[in-house]
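By the numbering used here, the letter at position 204 of the sequence shown is numbered 309, and the numbering carries on one by one without gaps.
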Amino acid sequence: MDTSADVLELIEESYRTFSKGQRYIADYICSNYDKAVDMTAARLGKIVGVSESTVVRFATELGFKGYPQFQKALGELVKQRLSSVQRISLTYDRLSESEDLVSSVIHNDIQNLKRTEELIDRRAFNQAIDLIGNARKIYVIGGRSCGTLASFLSYYLSYIFEDVRLIRSDSETESIEEIHRINERDVIIAISFPRYSMKTIQTVSFARNQKAKIIAITDGEQSPLAKYSDCSIYAGSDMVSFVDSLVAPLSVVNAMLAALSMRYKDSVINTMKSMESIWNKLNEYEHLD
106 MDTSADVLEL IEESYRTFSK GQRYIADYIC SNYDKAVDMT AARLGKIVGV
156 SESTVVRFAT ELGFKGYPQF QKALGELVKQ RLSSVQRISL TYDRLSESED
206 LVSSVIHNDI QNLKRTEELI DRRAFNQAID LIGNARKIYV IGGRSCGTLA
256 SFLSYYLSYI FEDVRLIRSD SETESIEEIH RINERDVIIA ISFPRYSMKT
306 IQTVSFARNQ KAKIIAITDG EQSPLAKYSD CSIYAGSDMV SFVDSLVAPL
356 SVVNAMLAAL SMRYKDSVIN TMKSMESIWN KLNEYEHLD
């Protein structure tokens, strides 16, 4: 079973075959999937008035190996379908249960970092480093809040490589215009997390048609970016209040920059020596006694 499958579509397709108890579960999930995502099988069964074993059988009836896999798929549904208002409401409900808000948020980020360490395919990561190093031009794009990650990445890439271009426009048409000369000698690094930016997806689709190499930094193989990419690097993300938590994706970006700076350390050292001379002349930084 593909854990990225849309649970609601699976339920709709199988509804006629369900028992009476399973239909109670199906009806509740279709109306309250944002609440059900955090429930144990026992808790869900209690709410709808069926046994825990009925809930587990419901999950397997849909084709999942067990309830945990079903719950994972439900989580993907929540990330992709909920509006910002729905997501913030769900997050507030979670945070309100915590007595220590600071620890709760930090713990959430730590969990995302741990999950990211497990998610990253080292071969894909090394392939991304090779693609970047061999590219004629390097384009970086990140829509919405991911624009901050794209800006950070392109800023430091420019210290290593001569031709790095950050796609800044919020317009899909203008973004494609910025890369209209992209070809097989170039690479585009695309960053997107739920809810996925259509501008980023369409820009990457154009780049793929131009035979450019695609590196995706996203949350998993269910991401629409994954189908376009030559290699995908996955990171955990979650929403804290109305803010997208991008701690883990930033860590991935840092790891990429560290790997590239090690591979091209002579270039980095020469660039930084030159920049330090310029910064000193311009008094760019405060000198502490």
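All C-beta atoms in this analysis are idealised placements derived from N, C-alpha and C, irrespective of residue type, glycine included. These numbers come from a predicted model, not from an experiment.
C-beta atoms of residue 373 and residue 243 nearer than 8 Å:
As a first step, residue 373 must be located in the sequence shown, where it is residue number 268. As a first step, residue 243 must be located in the sequence shown, where it is residue number 138. Contact: no.
Can the beta-carbon of residue 342 be found closer than 8 Å to that of residue 217?
On the sequence shown, position 237 is the one that residue 342 refers to. On the sequence shown, position 112 is the one that residue 217 refers to. Closer than 8 Å, so yes.
Is the Cβ-Cβ distance between residue 358 and residue 330 less than 8 Å?
Residue numbering aside, residue 358 sits at position 253 when the sequence shown is read from its first letter. Residue numbering aside, residue 330 sits at position 225 when the sequence shown is read from its first letter. The answer is no: Cβ separation not under 8 Å.
Member of 390, 353, 268 whose CA lies at the smallest distance from the CA of residue 239:
In the sequence shown, counting from the first residue as 1, residue 239 sits at position 134. Cα-wise, what sits closest to residue 239 is 268.
Using CA coordinates, which residue listed in 356, 248, 177 is at the minimum distance from residue 306?
If you number the sequence shown from 1, residue 306 lands on position 201. Residue 248 is the option with its Cα nearest to residue 306.
By a C-beta neighbour count over all protein chains shown, 10 Å radius and 16 as the cutoff for buried, is residue 129 buried or exposed?
Stepping through the sequence shown from its first residue, residue 129 is reached at position 24. When all chains shown are included, residue 129 counts as buried.
Of the residues 161, 301, 228, 251, which one's Cα is nearest the Cα of residue 328?
Locating residue 328 in the sequence shown gives position 223, where the first residue counts as 1. The option with the nearest alpha carbon to residue 328 is 301.
Backbone CA spacing between residue 383 and residue 257 [nearest angstrom]
Within the sequence shown, the letter at position 278 stands for residue 383. Within the sequence shown, the letter at position 152 stands for residue 257. Residue 383 and residue 257: Cα-Cα distance of roughly 21 Å.
When you compare only the Cα positions, how much space is there between residue 117 and residue 290?
Against the sequence shown, residue 117 aligns to sequence position 12. Against the sequence shown, residue 290 aligns to sequence position 185. Taking the straight line joining both Cα atoms gives about 45 Å.
Integer-rounded CB distance, given that residue 354 should sit under 8 Å from residue 298:
For this step, residue 298 is matched to residue 193 along the sequence shown. For this step, residue 354 is matched to residue 249 along the sequence shown. Indeed, because the Cβ distance is near 7 Å, the residues count as touching under 8 Å.
By a C-beta neighbour count over all protein chains shown, 10 Å radius and 16 as the cutoff for buried, is residue 318 buried or exposed?
The residue you call residue 318 lines up with position 213 of the sequence shown. Counting every other CB atom within 10 Å of its CB across the protein chains shown gives residue 318 a total of 16 or more, marking it as buried.
For residue 379, count the other beta carbons within 10 Å of its own beta carbon; 16 or more makes it buried, fewer makes it exposed. Which is it?
In the sequence shown, counting from the first residue as 1, residue 379 sits at position 274. By the 10 Å Cβ count, residue 379 comes out exposed.
State the start and end residues of the unbroken alpha helix (DSSP H) segment that holds residue 241.
One-based indexing of the sequence shown puts residue 241 at position 136. Looking at the DSSP string, residue 241 is not in any alpha helix (DSSP H), and its letter there is neither H nor E.
Inside the region 289-368 only - alpha helix (DSSP H) runs reaching at least 4 residues
303-314, 352-368
So, is residue 275 buried or exposed, given that buried needs 16 or more other C-beta atoms within 10 angstroms?
Along the sequence shown, one-based indexing puts residue 275 at 170. Around the beta-carbon of residue 275, fewer than 16 other beta-carbon atoms lie within 10 Å, marking it exposed.
Assigned exposure category for residue 371 - 16 Cβ within 10 Å defines buried:
In the sequence shown, residue 371 corresponds to position 266, counting from 1. Exposed.
Whose C-beta lies closer than 8 Å to the C-beta of residue 120 among residues of the same chain, with five residues either side of it excluded?
Here residue 120 is taken as the residue at index 15 of the sequence shown, counted from 1. For residue 120, where only same-chain residues beyond five positions count, the Cβ hits under 8 Å are 128, 131.
Run the CB neighbour count on residue 361, radius 10 Å, all protein chains shown included, and call it buried at 16 or more, exposed below.
Looking up residue 361 in the sequence shown gives position 256. Classification for residue 361: buried.
Using the C-alpha atoms, what's the distance from residue 160 back to residue 124?
Walking along the sequence shown from the start, residue 124 turns up at place 19. Walking along the sequence shown from the start, residue 160 turns up at place 55. Roughly 11 Å separates the two Cα atoms.
If you follow the alpha helix (DSSP H) that residue 149 is in, where does it begin and where does it stop?
The sequence position of residue 149 within the sequence shown is 44, counting from 1. Per DSSP, residue 149 belongs to the alpha helix (DSSP H) from 146-153.
Using beta-carbon positions only, say whether residue 157 and residue 150 come within less than 8 Å of one another.
Taking the first residue of the sequence shown as 1, we reach residue 157 at position 52. Taking the first residue of the sequence shown as 1, we reach residue 150 at position 45. Contact: yes.
Between which two residues does the alpha helix (DSSP H) containing residue 220 stretch?
The residue you call residue 220 lines up with position 115 of the sequence shown. Per DSSP, residue 220 belongs to the alpha helix (DSSP H) from 206-224.
CA-CA distance, residue 313 and residue 388?
For the purposes of this step, residue 313 is taken as residue 208 along the sequence shown, with counting starting at 1. For the purposes of this step, residue 388 is taken as residue 283 along the sequence shown, with counting starting at 1. If I take the Cα positions, the gap works out to 44 Å.
If distances are taken between C-alpha atoms only, which option among 139, 234, 283 comes closest to residue 368?
In the sequence shown, residue 368 corresponds to position 263, counting from 1. Ranking 139, 234, 283 by Cα distance to residue 368 puts 234 first.
Buried/exposed call for residue 171, threshold 16 Cβ in 10 Å:
Taking the sequence shown and counting its residues from 1, one reaches residue 171 at position 66. So residue 171 counts as exposed.
Would you check if the distance between the CB atom of residue 337 and the CB atom of residue 255 is smaller than 8 Å?
Taking the sequence shown and counting its residues from 1, the one referred to as residue 337 is at position 232. Taking the sequence shown and counting its residues from 1, the one referred to as residue 255 is at position 150. No. Outside cutoff.
Identify which residue in 366, 376, 207, 226 has its Cα closest to the Cα of residue 323.
Taking the sequence shown and counting its residues from 1, one reaches residue 323 at position 218. Checking every option, the nearest Cα to that of residue 323 belongs to 226.
In this structure, does DSSP put residue 270 in helix, strand or coil?
To locate residue 270, count along the sequence shown from 1; it is residue 165. Strand, per DSSP.
Cβ-based burial, residue 352 [other Cβ within 10 Å; buried from 16]
Numbered from its first residue, the sequence shown carries residue 352 at position 247. Residue 352 should be labelled buried.
Hey, out of 365, 296, 178, whose CA is closest to residue 339's CA?
Your numbering for residue 339 matches position 234 in the sequence shown. Here the closest residue by C-alpha is 296.
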